[in-house]
Amino acid sequence: MAEKSFKYVIVGGGVSAGYAAREFSKQGVQPGELAVISKEGVAPYERPALSKAYLFPEGAARLPGFHVCVGSGGERLLPEWYTQKGISLILNTEIVKADLTSKTLTSAAGETFTYKYLIIATGSTTLKLTDFGVEGANAKNILYLREIDDADQLVEAIKAKKNGTAVVVGGGYIGLELSAVLKINNFDVKMVYPEPWCMPRLFTSEIAAFYEGYYAKKGVSIIKGTVAVGFTSNDNGEVKEVKLKDGRVLEADIVVVGVGARPLTNLFKGQVEEEKGGIKTDAFFKTSVPDVYAVGDVATFPMKLYGDIRRVEHVDHSRKSAEQAVKAIFASEQGKEIEAYDYLPYFYSRSFDLSWQFYGDNVGDTVIFGDHDPSSAKPKFGSYWIKEGKVVGAFLEGGAPEENQAIAKVAKLQPLASSLDVLAKEGLEFASKI
Ligand code: FDA
Ligand code: NAD
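Here the sequence shown stands for residues 428 to 861, where the numbers follow the numbering used here.
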């Protein structure tokens with residue numbers, strides 16, 4: 428098979444790849460110079476839509492509606508855009524071998540691609556219950572969500588099991604967003620997770636209590652402090668029951684599992700330095716191998732604001748890291764320098780009528796402010812994280828755009844807090860004054 432050669436290759440066709448392609452175009456990439464190679468069958472799209480509007484019973488989002496870069500208010504890059512720019516969008520193509528010494532990638536079908544510069548944008552994959560040897564976990568209708576094909580399977584299962592029973596395993600992002608959307612689809616929903624409260628990676632017990640109360644009000648049953656240890660299936664091989672560690676057995680027509688993600692670095696193992704589970708990069712997303720960059724979920728990078736190194740699995744960083752890497756490549760070609768990546772962590776989620784944003788670092792003491800009563804008609808509340816007297820993190824549920832901007836500013840500037848009590852009392856007003 429003929430070898431295809433490009434100056435720049437992006438392996439992966441997700442959020443980072445799409446934002447990188449747009450930045451390549453802005454920087455003046457020439458026709459024929461850039462290829463995006465993706466295992467998926469569609470052009471890069473805004474992945475967050477898959478756990479939200481894609482699964483709505485009415486008015487569901489569908490491609491081409493949410494191709495990048497609409498999620499950040501930018502131009503929508505349709506497949507034709509890549510053609511017009513002379514960018515090769517190579518879809519349905521999984522890279523199964525990467526040789527960073529000979530600068531060669533090999534696809535599952537045996538095609539080879541060579542490059543001068545490589546951007547690794549392979550993202551993450553879901554952790555599977557079969558990986559942990561959970562009995563019966565390969566039954567039909569035990570579903571995961573990462574890519575559009577997974578979302579299509581979910582849509583089919585929701586249709587096939589109309590008004591049925593769903594068990595959602597996991598209390599993180601997928602768990603919370605999928606429980607809500609399944610409830611909106613009129614499923615009887617039970618959520619199961621091992622921790623004492625949902626989203627412990629970010630939420631304090633007080634923040635979690637609001638969401639748990641709100642979900643309960645919407646009819647979602649929450650079962651905490653236990654895990655799924657086995658499944659039974661019917662004669663068609665479809666899941667029928669979920670067995671919990673605490674001995675309970677739950678009926679289920681559909682099981683959705685969200686027990687975390689793993690960055691896809693396996694192609695590059697032993698060839699590139701890794702740290703904290705990701706590919707180690709500098710502030711320009713350059714890896715330990717010359718001309719190889721890594722962005723998005725797979726990159727472990729210096730977090731200038733906190734003086735440490737981290738990996739971030741959120742969409743804002745995937746967009747910004749991609750843009751930074753492309754700018755850095757063009758600058759290096761021109762013998763110029765650009766500023767080091769200075770990232771302010773920003774995470775968000777939406778479910779039911781709720782919408783929250785978080786900026787900064789969730790370390791230190793916390794205070795909660797505002798109306799966090801789940802039965803309120805229009806709850807609106809937030810939290811600050813205070814470390815060494817400074818406010819380093821801020822969370823807001825139900826904020827208006829200018830209020831979200833105000834908490835972002837707090838997290839960026841890290842103002843001093845006179846006392847936790849004052850902060851709790853001032854609430855959003857504290858942020859508006861900064
Ligand atoms: P991403 O996963 O987007 O893309 C990786 C691409 O590489 C995929 O197209 C994959 O097929 C491809 N690939 C992998 N290996 C390959 C190989 N060997 N050969 C070829 N192609 C390969 N974040 C947030 O801040 N707010 C939110 O609301 C959400 N919502 C959300 C919903 C769902 C369902 C998911 C799964 C994730 C989110 N996220 C999120 C997280 C966010 O979407 C995520 O951090 C970014 O998509 C990461 O972008 P990447 O480009 O790194 O990976
Ligand atoms: P997560 O890390 O957010 O949550 C994993 C959860 O799995 C834990 O909170 C825990 O409750 C649970 N868990 C772990 N082991 C378990 C077990 N054996 N049984 C039951 N529960 C168990 O991961 P996720 O929710 O699977 O999300 C996957 C990826 O998608 C992450 O990278 C996430 O950042 C991303 N994502 C982000 C958003 C967002 O930012 N709004 C939305 C959806 C997905």
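Ideal placement from N, C-alpha and C gives every residue a C-beta, glycine not left out.
1. So alanine 749 and glutamate 460 are in contact, right, with Cβ under 8 angstroms, and what is the actual spacing, rounded?
2. On the DSSP bridge list, what partners appear for glutamine 784?
3. Does the distance from the C-beta atom of glutamate 862 to that of alanine 578 stay below 8 angstroms?
4. Quick test of your reading: glycine 441 and proline 475, contact by CB under 8 angstroms. State the CB separation rounded to the nearest angstrom.
5. Run through the DSSP bridge pairs and tell me what alanine 655 is partnered with.
6. Compute the minimum distance between the beta carbon of alanine 548 and the heavy atoms of the ligand FDA, and state whether it is under 7 angstroms.
7. Could you tell me whether the region 807-816 touches the region 617-627, using the rule of 3 or more Cβ pairs below 8 angstroms?
8. Could you check whether the Cβ of threonine 520 sits closer than 7 angstroms to any heavy atom belonging to the ligand FDA?
9. State buried or exposed for glutamate 701, treating a residue as buried only when at least 16 other CB atoms are found within 10 Å of its CB.
10. What residue from Glu856, Glu633, Ser660 and Ser606 has the CA that sits closest to glutamate 562's CA?
11. Below 7 angstroms, is the gap between the Cβ of glycine 687 and the nearest heavy atom of the ligand NAD?
12. In its own chain, which residues sit with a C-beta less than 6 angstroms from the C-beta of threonine 793, not counting the 5 before and 5 after it?
13. So, with DSSP's three-state summary, where would you put valine 666?
14. Below 8 angstroms, how does it come out for the region 482-497 and the region 538-553: are there three or more Cβ pairs, yes or no?
15. Can you name, in chain order, every residue of its own chain whose Cβ lies under 8 angstroms from the Cβ of alanine 878, other than the five neighbours on each side?
16. Heavy atom of the ligand NAD less than 7 angstroms from the Cβ of cysteine 473, yes or no?
17. Taking serine 515 as the reference, which of Val595, Val686, Lys434 and Lys713 has the closest Cα?
18. Roughly how many angstroms lie between the CA atoms of alanine 593 and valine 683, to the nearest whole one?
19. Quick check: arginine 738 and glycine 685, are their CB atoms within less than 8 angstroms of each other?
20. Beta carbon of serine 759: closer than 7 angstroms to some heavy atom of the ligand NAD?
21. For glycine 657, tell me which candidate among Glu502, Phe614, Ala679 and Leu504 has the shortest Cα-Cα distance.
22. Using alpha carbons as the reference points, say which of Val463, Leu847, Ala444 and Phe796 lies closest to glutamate 473.
23. Any heavy atom of the ligand NAD closer than 7 angstroms to the beta-carbon of glycine 597?
24. Considering only C-alpha positions, which residue in the set Tyr770, Lys696, Leu545 and Phe614 is nearest to threonine 742?
25. For valine 595, which option in Ile650, Tyr773 and Glu853 has the closest C-alpha, if you only look at C-alpha atoms?
26. What separation, rounded to the nearest whole angstrom, lies between the Cα atoms of lysine 512 and serine 478?
27. Which stretch, first to last residue, makes up the beta strand (DSSP E) that contains proline 690?
28. Considering Cα atoms alone, identify which of Leu609, Asp662, Gly674 and Glu633 is closest to serine 648.
29. In whole angstroms, what separates the C-alpha of alanine 536 from that of aspartate 709?
30. May I ask you to report which of helix, strand or coil DSSP gives glycine 441?
31. Answer with buried or exposed for alanine 607, where buried requires no fewer than 16 other C-beta atoms within 10 angstroms of its C-beta.
32. Only counting the same chain, and skipping five residues up and downstream in sequence, which positions put a Cβ closer than 6 angstroms to that of threonine 531?
33. Between lysine 466 and the rest of its own chain, which residues show a CB-CB distance below 6 angstroms, the 5 nearest in sequence each way excluded?
Put simply:
1. The beta-carbon distance between alanine 749 and glutamate 460, rounded to whole angstroms, is 17 angstroms. This is too long to meet the 8 angstroms contact definition.
2. Glutamine 784 is bridged to Tyr775 and Leu823.
3. As displayed, the chain neither begins before 428 nor continues past 861, which places residue 862 out of reach and without an answer.
4. No, glycine 441 and proline 475 are not in contact; Cβ-Cβ is about 11 angstroms, not under 8 angstroms.
5. Alanine 655 is bridged by DSSP to Leu671.
6. True, at least one ligand heavy atom lies under 7 angstroms from that Cβ.
7. No, the region 807-816 does not touch the region 617-627.
8. Checking the Cβ of threonine 520 against the ligand FDA gives yes.
9. With 16 or more other Cβ atoms within 10 Å, it is buried.
10. It is Ser660 whose Cα lies nearest to the Cα of glutamate 562.
11. The nearest non-hydrogen atom of the ligand NAD is less than 7 angstroms from the C-beta of glycine 687.
12. Here the set comprises Thr631, Ser810 and Trp812.
13. It is a strand residue.
14. No, they do not touch.
15. Absent from the structure is residue 878, since the part of the chain shown begins at 428 and ends at 861.
16. The question names cysteine, but residue 473 is glutamate in the sequence shown. No, the Cβ of glutamate 473 stays beyond 7 angstroms of every heavy atom of the ligand NAD.
17. Of the candidates Val595, Val686, Lys434 and Lys713, the one whose C-alpha sits nearest the C-alpha of serine 515 is Lys434.
18. Each residue's Cα considered, the two are about 7 angstroms apart.
19. When the beta-carbon positions are compared, arginine 738 and glycine 685 stay at least 8 angstroms from each other.
20. Checking every heavy atom of the ligand NAD against the Cβ of serine 759, none is found closer than 7 angstroms.
21. Checked all of Glu502, Phe614, Ala679 and Leu504; the closest Cα to glycine 657 is Ala679.
22. Distances from the alpha-carbon of glutamate 473 to those of Val463, Leu847, Ala444 and Phe796 put Ala444 closest.
23. When distances are taken from the beta-carbon of glycine 597 to the heavy atoms of the ligand NAD, the shortest one is below 7 angstroms.
24. Sequence check: residue 742 is valine here, not threonine. Out of Tyr770, Lys696, Leu545 and Phe614, Tyr770 has the C-alpha closest to the C-alpha of valine 742.
25. Of the candidates Ile650, Tyr773 and Glu853, the one whose C-alpha sits nearest the C-alpha of valine 595 is Ile650.
26. Roughly 31 angstroms between the two C-alpha positions.
27. Element bounds for proline 690: 688-690.
28. That would be Leu609, whose Cα lies nearest to the Cα of serine 648.
29. Cα to Cα, the separation comes out at about 33 angstroms.
30. DSSP places glycine 441 in coil when its eight states are reduced to three.
31. That one is buried.
32. If we look at threonine 531 and ignore the five residues flanking it on each side, its Cβ neighbours are Thr539 and Thr541.
33. These residues qualify, in order along the chain: Glu521.
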